[in-house]
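Heads up, the thing below is written out as structure tokens.
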Amino acid sequence: MAGRRDTALLSFGLPALAGAAPLVAGGITAWPAWLGVLLVAGFSGTVALRGDADPGQPVIAPDGQALYVMQRPLRTVAARGVPADAGYAVRVTTRTHAAVVLAPGGATGPEGHWIPSTGHNLALTVSAPPENPVTVRTLTASVRSTGPFPGSAGLSLISRRMPDLVLSPDLLESLQRSVAAYRPLAVPDAAILLDDRPPAVSPLGTAERPPLLVPAGQARTLVLAPVTEHPGWLRWRLTAEIEDGGRVDVVHWDLDVTAAGGMTRVLPGGATARLPVWEQFPDHWDPANGRPGTEPALGTFDVAAHPAADGTGLLTRPPRPRPDPEPVVAAELRRRAEQEHRAGHEHVAAGLWREAADAGSGPAAYALGVVLRHAGDLDQAAGWLRTAAGRRVFPAFNDLGTVELARGHAEEAEAWFRRAMDEGDWAAVVNLATVAEQRGRADEAEQLLRPAWRMHATRAADALIRLLAGQGRLDEAEELLVRDAEAAPVDGPIPSEPRYVRLFRLAEFLHNVRRDPRAAGVLRAALADPDIPPEAAARARLALTRMS
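Each step along the sequence shown adds one to the number in our numbering, with nothing skipped, and position 442 is 599.
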């Protein structure tokens with residue numbers, strides 16, 4: 158039990174972030190310090206990691222294992238053997254916090270396969286008709302087959318809460334849906350011990366044993382916990398004899414389970430040991446424990462991201478498709494267009510970009526779309542940006558959303574912003590939040606803007622403060638601005654704004670929104686910043702004069 162308490166649990170189902178250990182040991186809690194360490198240390202490329210307070214016991218994932226954010230922990234399993242004229246209804250659902258996802262193939266079919274982890278909830282619900290009771294006479298389990306996973310396998314893990322930092326914008330919506338779908342598992346009425354020979358359905362505590370009577374017009378649910386130590390694919394069958402009006406039907410469900418949790422613990426000396434599912438998710442049933450564990454307080458720092466292009470990081474995921482390659486002739490035309498553009502020959506550059514786009518260049522179509530957008534020709538801009546998007550030029554997704562929004566097509570704009578976010582564009586996250594706010598979904602807008610601000614996305618801070626102020630949450634907005642202004646600057650792939658810019662934002666809020674004389678003192682602090690450029694200092698002095 159002590160080992161379980163000491164294990165840094167995966168708050169959103171992702172492996173531990175080893176780089177958080179020094180900050181935990183030093184008692185550092187300010188998020189800028191965490192962000193600085195993470196970015197500078199190169200963790201902007203790791204996949205959905207979480208800090209572990211014990212640097213000697215990091216949790217890692219096996220090599221080559223893809224990771225997916227689980228959004229559907231509850232699933233229904235088809236029943237077989239129920240007569241068409243049955244007066245009763247039966248339903249079996251599974252709920253799990255961890256699952257193995259098998260890739261599509263010969264053994265799984267064209268849609269792949271989903272295998273819940275040991276100790277999950279399996280709920281059997283029997284509903285009796287109004288005219289007579291129904292009895293579940295027997296409930297038995299049998300193992301159909303065991304073996305390794307065929308082909309490639311990934312992990313699907315539920316998220317208990319949103320992470321503190323989301324480095325990859327394409328994870329945002331998946332994580333939000335995962336958090337919304339999370340529910341603690343119910344304490345089971347019986348464990349199904351699949352490793353026993355024969356497998357046993359073992360009632361727990363005071364749970365009633367079959368036969369189970371379901372009164373007329375009522376329903377009863379039995380929560381089962383399938384348990385195994387098999388590390389591969391275990392296929393099994395649950396069979397129930399159901400008596401209805403003197404007739405006995407044999408109904409069965411074909412099910413799957415695995416003990417593979419996908420994580421291992423590094424032991425002293427470099428050896429590894431498999432981390433049981435119940436250590437990651439304590440409410441998964443563990444026979445040795447006797448009852449599910451309780452969810453611990455989540456006190457460590459959570460980060461969500463994807464692996465770096467150079468392969469660094471603890472987990473991997475399927476690679477994104479690359480943009481379409483340019484034909485040689487089109488690429489040469491595009492390079493000439495860029496040279497003319499740098500020389501200031503805009504008309505010549507636009508003509509060459511058009512030739513290159515017609516010859517198959519996605520980047521040229523994108524450049525032409527941007528030029529037309531800036532010229533105010535939104536209809537033609539939309540056409541060329543669609544061409545670029547069709548050739549998988551990812552920045553075109555966000556620009557196309559902006560153009561469609563300007564044309565009054567909010568629904569189309571939202572769809573393009575979501576696609577851009579799925580490709581890792583933080584600017585699209587801010588734009589999507591703007592559309593959500595305009596369409597009356599302020600909560601969704603806030604959920605998008607908070608991580609965008611943490612990642613220093615352009616306009617995210619202004620949009621979030623405007624949103625909070627519009628809801629009358631002025632104290633909360635001011636607290637965020639003060640904390641941001643006082644934070645140390647963060648370098649790295651996505652650096653924070655200069656301190657004087659953050660002070661300007663705070664001063665503007667205090668003066669324009671709160672009518673607070675403290676704004677002058679904040680501007681003086683900005684003027685004392687050694688990095689403030691002359692033009693910014695001139696604006697600050699002018700603002701001070703007007704305030705006085």
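Even glycine gets a Cβ: it sits at the ideal position worked out from N, Cα and C.
Next on the checklist: Would R301 and R377 be called neighbours here (beta carbons separated by less than 7 Å)?
Outcome noted: In the sequence shown, residue 301 corresponds to position 144, counting from 1. In the sequence shown, residue 377 corresponds to position 220, counting from 1. Against a cut-off of 7 Å, the Cβ pair of R377 and R301 comes out as no contact.
Next on the checklist: What would DSSP say about V550, mapped onto helix, strand or coil?
Outcome noted: If you number the sequence shown from 1, residue 550 lands on position 393. Coil at V550, not helix or strand.
Checklist entry - On the premise that P286 lies in contact with A373, defined as a C-beta separation below 8 Å, what is that separation, rounded to the nearest angstrom? => result Walking along the sequence shown from the start, residue 373 turns up at place 216. Walking along the sequence shown from the start, residue 286 turns up at place 129. Your pair A373 and P286 checks out as a contact, with CB atoms roughly 7 Å apart and the cut at 8 Å.
Checklist entry - What number of angstroms, rounded off, separates the C-alpha of G426 from the C-alpha of A617? => result As a working mapping, residue 426 is identified with position 269 in the sequence shown. As a working mapping, residue 617 is identified with position 460 in the sequence shown. When rounded, the distance between both Cα atoms is 46 Å.
Item to check | Euclidean distance between Cα positions of E601 and F306 | outcome: Here residue 601 refers to the residue found at position 444 when the sequence shown is read from its first residue. Here residue 306 refers to the residue found at position 149 when the sequence shown is read from its first residue. Using only the alpha carbons, I get a separation of about 38 Å.
Checklist entry - G308 by DSSP, collapsed to three states: which one? => result Here residue 308 refers to the residue found at position 151 of the sequence shown. Note: G308 maps to coil in three-state DSSP.
Checklist entry - Using a Cβ-Cβ cut-off of 8 Å (strictly less than) and excluding sequence neighbours within five positions of L332, which residues of its own chain qualify? => result Numbered from 1 along the sequence shown, position 175 holds the residue referred to as residue 332. A distance below 8 Å between beta-carbons, with the five flanking residues on each side excluded, links L332 to the following residues of its chain, in chain order: F169, V226, S316, M319, P320, V323 and A461.
Next on the checklist: Could you compute how far the alpha carbon of R696 sits from the alpha carbon of I689?
Outcome noted: Looking up residue 696 in the sequence shown gives position 539. Looking up residue 689 in the sequence shown gives position 532. Roughly 11 Å separates the two Cα atoms.
Checklist entry - Just the Cα atoms here: how many angstroms apart are W541 and T615? => result If you number the sequence shown from 1, residue 541 lands on position 384. If you number the sequence shown from 1, residue 615 lands on position 458. One C-alpha to the other measures close to 25 Å.
Next on the checklist: Between which residues of its own chain and R530 is the CB-CB distance below 6 Å, once the five residues before and five after are set aside?
Outcome noted: Translated into positions along the sequence shown, residue 530 becomes position 373. These residues qualify, in order along the chain: A538 and V560.
Checklist entry - What are the start and end residues of the alpha helix (DSSP H) that includes W393? => result Taking the first residue of the sequence shown as position 1, residue 393 is located at position 236. No alpha helix (DSSP H) holds W393; the beta strand (DSSP E) holding it covers W390 to D401.
Item to check | Extent of the continuous alpha helix (DSSP H) to which Y523 belongs | outcome: Along the sequence shown, one-based indexing puts residue 523 at 366. Where Y523 is concerned, the enclosing alpha helix (DSSP H) stretches over G519 to H531.
Checklist entry - Considering only C-alpha positions, which residue in the set H409, W583 and G402 is nearest to A236? => result Position 79 of the sequence shown, counting from 1, holds the residue named residue 236. Out of H409, W583 and G402, H409 has the C-alpha closest to the C-alpha of A236.
Next on the checklist: Taking only three categories from DSSP, how would you classify T559?
Outcome noted: Position 402 of the sequence shown holds residue 559. Per DSSP, reduced to three states, the secondary structure at T559 is helical.
Checklist entry - Cα separation between D632 and A417? => result Position 475 of the sequence shown, counted from the first residue, corresponds to residue 632. Position 260 of the sequence shown, counted from the first residue, corresponds to residue 417. Computed Cα separation, rounded: 47 Å.
Item to check | Same chain, Cβ closer than 6 Å to P280, five either side skipped, listed in chain order | outcome: As a first step, residue 280 must be located in the sequence shown, where it is residue number 123. For the sequence presented, residue 280 should be read as Ala rather than Pro. T250, T378 and V380.
Checklist entry - Which two residues bound the contiguous alpha helix (DSSP H) that contains G621? => result Position 464 of the sequence shown, counted from the first residue, corresponds to residue 621. The residue you asked about is not Gly; residue 621 is Leu in the sequence shown. Boundaries of the alpha helix (DSSP H) harbouring L621: A617 to G627, taken from the DSSP string.
Item to check | Residue range of the unbroken alpha helix (DSSP H) whose run includes A693 | outcome: As a working mapping, residue 693 is identified with position 536 in the sequence shown. Annotation: the continuous alpha helix (DSSP H) that includes A693 extends over P691 to M704.
Checklist entry - By how many angstroms is the C-alpha of W271 removed from the C-alpha of G262? => result Counting from 1 along the sequence shown, the entry for residue 262 is found at position 105. Counting from 1 along the sequence shown, the entry for residue 271 is found at position 114. Here the C-alpha atom of G262 lies approximately 13 Å from the C-alpha atom of W271.
Item to check | Complete runs of the beta strand (DSSP E) confined to the region 289-361 [at least 3 residues] | outcome: When DSSP assignments are scanned along the region 289-361, the uninterrupted stretches of beta strand (DSSP E) that are 3 or more residues long and fall wholly within it turn out to be 291-304, 310-314, 347-350 and 357-360.
Checklist entry - Should G129 go down as buried or exposed, given a rule of 16 or more other Cβ atoms within 10 Å for buried? => result Missing from the structure shown is residue 129; the chain here goes from 158 to 705 and no further.
Checklist entry - From what residue to what residue does the beta strand (DSSP E) around W410 run? => result Sequence index remark: in the sequence shown, residue 410 carries index 253 (1-based). Per DSSP, the continuous beta strand (DSSP E) segment holding W410 begins and ends at R404 to V414.
Next on the checklist: Please state the DSSP three-state secondary structure of H668.
Outcome noted: Within the sequence shown, the letter at position 511 stands for residue 668. Of the three classes helix, strand and coil, the one that applies to H668 here is helix, per DSSP.
Item to check | Helix, strand or coil at T363 according to DSSP, with G and I counted as helix | outcome: The residue given as residue 363 occupies position 206 in the sequence shown. Coil, per DSSP.
Checklist entry - What do you reckon, are the CB atoms on G526 and D327 nearer than 7 Å? => result Reading the sequence shown from its first residue, position 369 is the one you call residue 526. Reading the sequence shown from its first residue, position 170 is the one you call residue 327. Not a contact, by the Cβ cut-off of 7 Å.
Checklist entry - Within this structure, are the beta carbons of A634 and A626 separated by less than 7 Å? => result If you number the sequence shown from 1, residue 634 lands on position 477. If you number the sequence shown from 1, residue 626 lands on position 469. Taking C-beta atoms as the reference points, A634 and A626 count as a pair closer than 7 Å.
Checklist entry - Among the residues of its own chain, which have a CB less than 7 Å from the CB of A676, if the five just before and after it don't count? => result On the sequence shown, position 519 is the one that residue 676 refers to. Apart from the 5 residues on each side of it in sequence, A676 sits with its Cβ closer than 7 Å to the Cβ of A664, L667, H668 and M704 in its chain, given in chain order.
Item to check | Helix, strand or coil at D459 according to DSSP, with G and I counted as helix | outcome: By 1-based counting over the sequence shown, the position of residue 459 is 302. In this structure, DSSP gives D459 an extended state, which the three-state scheme calls strand.
Checklist entry - Beta-carbon separation of V586 and A570 under 7 Å? => result What you label residue 586 is simply residue 429 of the sequence shown in a count that begins at 1. What you label residue 570 is simply residue 413 of the sequence shown in a count that begins at 1. Remark: C-beta atoms of V586 and A570 do not approach each other more closely than 7 Å.
Item to check | P674 burial status per 10 Å Cβ neighbour count (16 or more: buried) | outcome: Translated into positions along the sequence shown, residue 674 becomes position 517. Classification for P674: exposed.
Next on the checklist: Can you tell me whether S325 is buried or exposed? The criterion is at least 16 other CB atoms within 10 Å of its CB, across all chains shown.
Outcome noted: Start at 1 with the first residue of the sequence shown, and residue 325 comes out as number 168. So S325 counts as buried.
Item to check | Per-residue burial, G311 [other beta carbons within 10 Å of its own, 16 or more giving buried] | outcome: Numbered from its first residue, the sequence shown carries residue 311 at position 154. G311 counts as buried, since no fewer than 16 other beta carbons sit within 10 angstroms of its beta carbon.
Checklist entry - For V407, is the classification buried or exposed, using 16 other Cβ atoms within 10 angstroms of its Cβ as the cut-off for buried? => result To locate residue 407, count along the sequence shown from 1; it is residue 250. With a 10 Å radius around the Cβ and a threshold of 16 neighbouring Cβ atoms, V407 comes out exposed.
Next on the checklist: Can you tell me whether L381 is helix, strand or coil according to DSSP?
Outcome noted: Taking the first residue of the sequence shown as position 1, residue 381 is located at position 224. Strand at L381.
Checklist entry - Using CA coordinates, which residue listed in E495, W583 and Q595 is at the minimum distance from L605? => result Taking the sequence shown and counting its residues from 1, the one referred to as residue 605 is at position 448. Per the Cα distances, W583.
Item to check | Residue from D534, V434 and G547 with nearest C-alpha to D481 | outcome: Counting from one through the sequence shown, the residue named residue 481 turns up at place 324. Nearest in C-alpha terms to D481, of all of D534, V434 and G547, is G547.
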